[in-house]
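*Asks:* Here it is, the structure in full.
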Amino acid sequence: METKQLGSTGVTISAIGLGGMPMSLSGRPPESQAINVIHKALDLGVTLIDTADSYCQDESDKHHNERLICKALQQYQGDISQVTVATKGGLMRPNGSWTRNGNPDHLRQTIRVSFEALGGTKPIDVWQYHAPDPNYTIEEALAPAKEAVDEGLIRFVGVSNFSVEQIKQARDVVEIVSVQNQYNPWNRQPESDGVLEYCETEGLTFFPWSPLGGSRRVSKLEDIAVIAQLAKEKGVSVYQIVLAWLLAKSPCIVPIPGASKLSSIDDSLHASEVKLSEAEVRKIDQETSS
Ligand SMILES: NC(=O)c1ccc[n+]([C@@H]2O[C@H](COP(=O)([O-])OP(=O)(O)OC[C@H]3O[C@@H](n4cnc5c(N)ncnc54)[C@H](OP(=O)(O)O)[C@@H]3O)[C@@H](O)[C@H]2O)c1
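The opening position of the sequence shown corresponds to residue 3 in this note's numbering, with each subsequent residue numbered one higher.
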C-alpha cells in the first residue's frame, strides 16, 4: 500500500483508509465479522482508520465504533504501532437520528469518553469536529479540542463538513491537520468550493467521505457508463476505478471507503494499484459533472 503524510505532521498514513461507519449503524454485521474486516484492512497495509463517537445505533450505544476498533486493534497479531485512528465528536444520535451538538461542555465530555473508548493509554491520534453547529461559533466549538491537545488527550485535530472560511477560523484556535468533506461522483463540491485547493496549498490532508457515494448509492456506480467501461477495460471493479479517480485528483486526498464485508475492503484497498491516465480522469470528470 502506498503511503502519504498526515497533513504536515510527518506521520505516515496509508493512501487509502478504512471507514468504520457501516460496522456500527443499524443493520451492522456481527462483531466477529467486523473485527475480521478491520484485521483484513490491517493485513493489506491500512494505517488510517476513520471513526466517530456517533457511529452507533442511538445515544445509548454511543462510541460503539471506537470500542470496536480498539478491540480489533488489541486482538490483532501484527504491528499496530503505525496505525492512526481518526475519530470525531459533535454529532448526537437521538432515536437513531443525526443532530449537531457543538456545545463546548458536551465536546469536552465526549472527547474524554472517546479517549477511554480508544484504549485510554495514549492520546487520541486525530480528533475531528464532525460538523459545525450554528448555535456555537467555530471558536467556541474548537476550544475544547485545543484544551485536550494541551492536556495530552488529543494529538492532532481535524475538521469535517467545513467551508474554507470555517477552516480558517478553526486554524486560529488550534492547529488543523485534516479536512473531511463529502466527495464522490455524485458530489464534487470540494472541487468548486475551494476546499480541495485550500487543503492542497496549505498542506492539509483531505479525507473524502462516502467516496463511493455511501451505502445507498454504491450499487449505482455500475450505471455510470464511463466508470463501468474503464472497469471492464482494466479488469478491475467499479469501486477501484472511483477510488483511483479520487486518488488521482489531488496528492492530499486519502479516501476512506466504508465496509462491513471482507470482500468490500479487500476489493477497495487494491485501488491503490490502479492507475488512471489524465485523459481517463478527465473522462470521468466530464461524465460525472452535474
Ligand atoms: N464526516 C462525515 O460527516 C461522514 C459522513 C459519512 C461517512 N463518513 C466516513 O466516511 C466513510 C465512508 O463513507 P460511507 O461508509 O458512508 O460510504 P462509502 O465508503 O461510499 O460506501 C460504503 C458502502 O459501500 C460498500 N462498498 C465499499 N467498498 C466496496 C467494494 N469494493 N465493493 C462492493 N461494495 C463496497 C460497503 O458495503 P458493505 O457494507 O456491504 O461492505 C458500504 O456499505 C464512513 O465509513 C465514515 O468513516 C463521514
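Glycine included, every Cβ here is placed at the ideal spot set by N, Cα and C.
#1: Alpha carbon to alpha carbon, how far is I40 from V244?
#2: Which residue from S194, K251, S56, I226 puts its Cα closest to that of Y241?
#3: Out of S266, Q288, W247, D269, state which residue places its alpha-carbon closest to the alpha-carbon of K277.
#4: P253 and P210 - do their beta-carbons sit closer together than 7 Å?
#5: For D135, collect the residues of the same chain with a Cβ closer than 8 Å to its Cβ; drop the 5 residues on either side in sequence, then sort them by chain order.
#6: For E319, which residues from the same chain have a beta carbon less than 6 Å from its beta carbon, with the 5 sequence-adjacent residues on both sides left out?
#7: Do the CB positions of I267 and A261 come within less than 7 Å of each other?
#8: Quickly, what does DSSP pair M94 with across the bridge? List them, please.
#9: Could you check if D107 is buried or exposed, using at least 16 other CB atoms within 10 Å of its CB as the buried criterion?
#10: For K148, which residues of its own chain have a beta-carbon under 7 Å away from its beta-carbon, when the five flanking residues on both sides are left out?
#11: At a cut of 8 Å, does the stretch 187 to 194 reach the stretch 74 to 90 through at least three beta carbon pairs?
#12: Tell me the start and end of each unbroken alpha helix (DSSP H) in the stretch 136 to 187 that is at least 4 residues and wholly inside, in chain order.
#13: In the DSSP output, what is A88 paired with across the bridge?
#14: What ranges does the alpha helix (DSSP H) occupy inside the stretch 196 to 273, keeping only unbroken runs of at least 4 residues that lie completely in it?
#15: Looking at the secondary structure, which residues open and close the alpha helix (DSSP H) in which T112 lies?
#16: Here's the rule I'm using: 16 or more other beta-carbon atoms within 10 Å means buried, otherwise exposed. How should T53 be labelled?
#17: Whose CA, out of T112, E153, S212, lies closest to the CA of K124?
#18: Starting from Q7, trace the alpha helix (DSSP H) both ways and give me its first and last residue.
#19: Can you tell me which residues form a DSSP beta bridge with N67?
*Replies:* Concretely, from the data shown:
#1: For the purposes of this step, residue 40 is taken as residue 38 along the sequence shown, with counting starting at 1. For the purposes of this step, residue 244 is taken as residue 242 along the sequence shown, with counting starting at 1. If I take the Cα positions, the gap works out to 21 Å.
#2: Start at 1 with the first residue of the sequence shown, and residue 241 comes out as number 239. Looking at the Cα atoms, I226 is the closest of the given residues.
#3: Counting from 1 along the sequence shown, the entry for residue 277 is found at position 275. It is W247 whose Cα lies nearest to the Cα of K277.
#4: Translated into positions along the sequence shown, residue 210 becomes position 208. Translated into positions along the sequence shown, residue 253 becomes position 251. For P210 and P253, no; Cβs fall outside 7 Å.
#5: Residue mapping note: residue 135 aligns to position 133 of the sequence shown, counting from 1. Result list for D135: G92, R102, N103, G104, N105, A143, in chain order.
#6: Since the first and last residues shown for the chain are 3 and 292, residue 319 lies out of range.
#7: To locate residue 267, count along the sequence shown from 1; it is residue 265. To locate residue 261, count along the sequence shown from 1; it is residue 259. In this structure, A261 lies closer than 7 Å to I267 by Cβ.
#8: Reading the sequence shown from its first residue, position 92 is the one you call residue 94. The partner list for M94 (beta bridge, DSSP) reads T101.
#9: Here residue 107 corresponds to residue number 105 of the sequence shown, with the count starting at 1. D107 is exposed by the Cβ-count criterion.
#10: In the sequence shown, residue 148 corresponds to position 146, counting from 1. V175, V176, listed in sequence order.
#11: no
#12: 140 to 153, 166 to 173
#13: Along the sequence shown, one-based indexing puts residue 88 at 86. According to DSSP, which records beta bridges pairwise, A88 is partnered with D52, V128.
#14: 197 to 204, 227 to 236, 240 to 251, 264 to 271
#15: Mapped onto the sequence shown, residue 112 falls at position 110. From DSSP, the alpha helix (DSSP H) with T112 extends over 106 to 119.
#16: As a working note, residue 53 is residue 51 in the sequence shown. Flag for T53 reads buried.
#17: For the purposes of this step, residue 124 is taken as residue 122 along the sequence shown, with counting starting at 1. That would be E153, whose Cα lies nearest to the Cα of K124.
#18: For the purposes of this step, residue 7 is taken as the residue at position 5 of the sequence shown. Taken as a continuous stretch (DSSP letters only), Q7 belongs to no alpha helix (DSSP H), being part of the beta strand (DSSP E) at 5 to 7.
#19: For the purposes of this step, residue 67 is identified with residue 65 of the sequence shown, where counting begins at 1. DSSP, once it has assigned bridges, lists no residue as partnering N67.
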